[in-house]
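Residue numbers (this note's numbering): 102 to 309.
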């Protein structure tokens, strides 16, 4: 069977970067070709962990550009010892690997997808809800500021009226004291007039 050239690296990556719906991963063809007697000259897991990323971090755009640019320079390999077949060693490795794989139910996968797509909508709804609450709070604060200003003006008016009342009462006390003094003086004058009349009557009686 004819041998096929296999892409084993792209650009500066020692693997093949792949972009998915939620992030980027690195596929390592050499990790599979190793099972069919392909000679390894680069560690199949070299720099894999640093190359994987999700779309959440802020620097994911730079990693996406690196992955896209890497595909502009691909490198292939064709080994004489390669043949299209599966060895017994690979079957044993695959069987042992299957035992260690945790089976994720379709329900969990679908729930994860729904959550990943629903989160932005939930954030938008929460943002709109918070903006509406802030707007209502601003309206209430503005209303309270106006009411406080009105109460302050009313308090100032009442203070002025109180001062006027105190001044009026003070003047009234002075007036009452003046009236009391005048009343005493009138009584004294009336008493003096009565005395004068009595003296005049007595004098007329003596003369007559």
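Ideal Cβ placement from N, Cα and C applies to all residues, glycine included.
The structure displayed is predicted, hence computed values, not measured ones.
Beta-carbon separation (whole angstroms), residue i vs residue j, contact threshold 8 angstroms
{"i": "residue 107", "j": "residue 177", "result": "6 angstroms"}
Distance CB(residue i)-CB(residue j) smaller than 7 angstroms
{"i": "residue 171", "j": "residue 112", "result": "yes"}
{"i": "residue 131", "j": "residue 109", "result": "yes"}
Where residue i falls: helix, strand or coil (DSSP)
{"i": "residue 130", "result": "helix"}
{"i": "residue 156", "result": "coil"}
{"i": "residue 125", "result": "strand"}
{"i": "residue 173", "result": "coil"}
{"i": "residue 106", "result": "coil"}
{"i": "residue 218", "result": "The predicted model places residue 218 with a pLDDT of 48, which falls under 50 and marks its position as unreliable; any figure quoted below should be read in that light. Helix, per DSSP."}
{"i": "residue 111", "result": "strand"}
Reference residue i; option with closest CA among the options
{"i": "residue 123", "options": "157, 262, 242, 239", "result": "157"}
{"i": "residue 169", "options": "115, 198, 120", "result": "120"}
{"i": "residue 165", "options": "253, 274, 110, 118", "result": "118"}
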